[in-house]
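So the structure is just underneath, and the comments pick up after that.
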Amino acid sequence: MRSSPWPDRIMPLALAIGALLTTTAFLLAFLVAPLVAGATVGSTEVIGGIAVSNKLLLSQKIFFFHVPVAIVSFAALAFTAFYSIRYLMTKEPQFDTRARIATEIALVFIIATMASGDLWTRFDWGVWWVWEPRLTTYFILMLLVIAYFILRTAIDAPERKATFAAVFGIITFVDAPICFMITRLVPSSIHPVVFSTESGMSPLVLVPFLLALFGMLLVGFSLYRVRLRQVTLTDRIEQVKQQLEETWQNRNLMEG
Amino acid sequence: MNPVLAEIYSTVLPAAPFLIGAYVLIWLAVLIFILVINNKVRHAEQQLMLLEETLSRQVRSSEDLE
Numbered sequence: 002m003r004s005s006p007w008p009d010r011i012m013p014l015a016l017a018i019g020a021l022l023t024t025t026a027f028l029l030a031f032l033v034a035p036l037v038a039g040a041t042v043g044s045t046e047v048i049g050g051i052a053v054s055n056k057l058l059l060s061q062k063i064f065f066f067h068v069p070v071a072i073v074s075f076a077a078l079a080f081t082a083f084y085s086i087r088y089l090m091t092k093e094p095q096f097d098t099r100a101r102i103a104t105e106i107a108l109v110f111i112i113a114t115m116a117s118g119d120l121w122t123r124f125d126w127g128v129w130w131v132w133e134p135r136l137t138t139y140f141i142l143m144l145l146v147i148a149y150f151i152l153r154t155a156i157d158a159p160e161r162k163a164t165f166a167a168v169f170g171i172i173t174f175v176d177a178p179i180c181f182m183i184t185r186l187v188p189s190s191i192h193p194v195v196f197s198t199e200s201g202m203s204p205l206v207l208v209p210f211l212l213a214l215f216g217m218l219l220v221g222f223s224l225y226r227v228r229l230r231q232v233t234l235t236d237r238i239e240q241v242k243q244q245l246e247e248t249w250q251n252r253n254l255m256e257g
Numbered sequence: 253m254n255p256v257l258a259e260i261y262s263t264v265l266p267a268a269p270f271l272i273g274a275y276v277l278i279w280l281a282v283l284i285f286i287l288v289i290n291n292k293v294r295h296a297e298q299q300l301m302l303l304e305e306t307l308s309r310q311v312r313s314s315e316d317l318e
């Protein structure tokens, strides 16, 4: 009996902590974090001892999970690039497999980011899509990730496929820091700079956000390990099938 | 309701379906991935058990032939 590697052993714990952190973040986001102020209204009203003269935005609560999910997609792509480089250095198929799985995880979180972001865009800006710098670079990132899988299915030779995919995976990752930094490079009134000492996030907002971020990172890690375990199992099955075929062939030769 | 309060809270209710939709879609993407992978893991484990059993039977019968 093979003992499983340590990341597989800690995976259930990581998933449980991830679920706990995200649940706590969800509860804090809705029960503790105050509603963010939007456009000003004509006069002031006192609510809970605080003078309020702005519209209160419930839609901003999407932020607590939309941003962490996007960050997990960047982190997954960093692993794609890391394993792609390792594959190019060593030519070991396991690194190609790991890069592919990391890209799959990135795609899942990109879809989640796009879907949640689109609903936020629709409500706050009144449109389903706008060619704003952050949205455009993230859309390009999604297209690159989809292209990565198209490239993989288009090439049959395993080593050639892995090499091309590794190079493309590294290129795909290059867009992640661009997308992350674009709000600083091309300032937009629509997408604010979140990670800054001047972002003005109060602890009541920052704590649930960080809990959601670490929770989602753990969920992403767990998904990666589960998928890797499944792929490893499938590979073992293929090996056993090959062994079986060889045994049958030998047996037929002996009987013949 | 006080008209100022009504204006302050005017976007809260209309935003609710979008907010719920966003959260549902995030977790739906993750859950679908988990379900698909879990299904594949169980299928693979079943296949592996069957194959290993068949292989050991085959190896034994080959040794008997020898």
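Chains as they are written, first to last, in the working numbering: chain A, 2 to 257; chain B, 253 to 318. Just so you know, even glycine gets a beta-carbon here, dropped at the ideal spot from N, CA and C. From a predicted model like this one, the values you see are computed outputs, not experimental measurements.
Name the residue from the options whose alpha carbon lies nearest to the alpha carbon of residue i.
{"i": "residue 261 of chain B", "options": "A:20, A:66, A:41", "result": "A:41"}
{"i": "residue 279 of chain B", "options": "A:109, A:178, A:143", "result": "A:109"}
{"i": "residue 35 of chain A", "options": "A:23, A:49, A:68", "result": "A:49"}
{"i": "residue 20 of chain A", "options": "A:92, A:170, A:214", "result": "A:214"}
{"i": "residue 237 of chain A", "options": "B:254, B:273, B:312, B:297", "result": "B:297"}
{"i": "residue 178 of chain A", "options": "A:29, A:8, A:77", "result": "A:77"}
{"i": "residue 9 of chain A", "options": "A:223, A:128, A:204", "result": "A:223"}
{"i": "residue 68 of chain A", "options": "A:210, A:130, A:56, A:229", "result": "A:210"}
{"i": "residue 217 of chain A", "options": "A:46, A:114, A:6, A:97", "result": "A:114"}
{"i": "residue 23 of chain A", "options": "A:82, A:228, A:212, A:111", "result": "A:212"}
{"i": "residue 303 of chain B", "options": "A:241, A:91, A:63", "result": "A:241"}
{"i": "residue 307 of chain B", "options": "A:244, A:37, A:27, A:251", "result": "A:244"}
{"i": "residue 290 of chain B", "options": "A:65, A:235, A:75, A:205", "result": "A:235"}
{"i": "residue 57 of chain A", "options": "A:37, A:142, A:44, A:126", "result": "A:37"}
{"i": "residue 270 of chain B", "options": "A:18, A:203, A:124, A:11", "result": "A:124"}
{"i": "residue 26 of chain A", "options": "A:161, A:80, A:255, A:205", "result": "A:205"}
{"i": "residue 127 of chain A", "options": "B:256, B:266, B:257, B:259", "result": "B:266"}
{"i": "residue 259 of chain A", "options": "B:305, B:310, B:276, B:255", "result": "Lying before the first or after the last residue shown, residue 259 of chain A is absent from chain A, which here runs from 2 to 257."}
{"i": "residue 92 of chain A", "options": "A:161, A:52, A:232", "result": "A:161"}
{"i": "residue 31 of chain A", "options": "B:295, B:264, B:305", "result": "B:264"}
Just to confirm the assignment, what range does the alpha helix (DSSP H) spanning residue i have?
{"i": "residue 62 of chain A", "result": "Segment: none, residue 62 of chain A is in no alpha helix (DSSP H) and carries neither H nor E."}
{"i": "residue 220 of chain A", "result": "204-256"}
{"i": "residue 159 of chain A", "result": "159-186"}
{"i": "residue 256 of chain B", "result": "255-260"}
Does residue i pass the burial test, meaning 16 or more other C-beta atoms within 10 Å, or should it be called exposed?
{"i": "residue 2 of chain A", "result": "Caution is warranted here: a pLDDT of 46 is assigned to residue 2 of chain A, below 50, making its placement in the model unreliable, and no coordinate value can be reported."}
{"i": "residue 315 of chain B", "result": "exposed"}
{"i": "residue 59 of chain A", "result": "buried"}
{"i": "residue 173 of chain A", "result": "buried"}
{"i": "residue 253 of chain B", "result": "exposed"}
{"i": "residue 312 of chain B", "result": "exposed"}
{"i": "residue 33 of chain A", "result": "exposed"}
{"i": "residue 194 of chain A", "result": "exposed"}
{"i": "residue 130 of chain A", "result": "exposed"}
{"i": "residue 121 of chain A", "result": "buried"}
{"i": "residue 250 of chain A", "result": "exposed"}
{"i": "residue 62 of chain A", "result": "buried"}
{"i": "residue 272 of chain B", "result": "exposed"}
{"i": "residue 301 of chain B", "result": "exposed"}
{"i": "residue 287 of chain B", "result": "exposed"}
{"i": "residue 255 of chain A", "result": "exposed"}
{"i": "residue 170 of chain A", "result": "buried"}
{"i": "residue 47 of chain A", "result": "exposed"}
{"i": "residue 219 of chain A", "result": "buried"}
Could you check how far apart the C-beta atoms of residue i and residue j are, in whole angstroms? I think they sit under 8 Å.
{"i": "residue 186 of chain A", "j": "residue 166 of chain A", "result": "With 8 Å as the limit, residue 186 of chain A and residue 166 of chain A do not qualify as a contact, their Cβ atoms being about 29 Å apart."}
{"i": "residue 225 of chain A", "j": "residue 147 of chain A", "result": "No, residue 225 of chain A and residue 147 of chain A are not in contact; Cβ-Cβ is about 19 Å, not under 8 Å."}
{"i": "residue 163 of chain A", "j": "residue 88 of chain A", "result": "6 Å"}
{"i": "residue 181 of chain A", "j": "residue 75 of chain A", "result": "6 Å"}
{"i": "residue 293 of chain B", "j": "residue 230 of chain A", "result": "7 Å"}
{"i": "residue 142 of chain A", "j": "residue 176 of chain A", "result": "5 Å"}
Quick one: does the C-beta of residue i sit closer than 6 Å to a heavy atom of the ligand SAM?
{"i": "residue 45 of chain A", "result": "Looking for the ligand SAM in the displayed structure turns up nothing, as the structure carries no ligands at all."}
Item to check | Uninterrupted alpha helix (DSSP H) stretches inside the stretch 5-38 of chain A (no shorter than 4 residues) | outcome: 7-32
Checklist entry - Which residue spans inside the stretch 57-136 of chain A form an unbroken beta strand (DSSP E) run of at least 3? => result none
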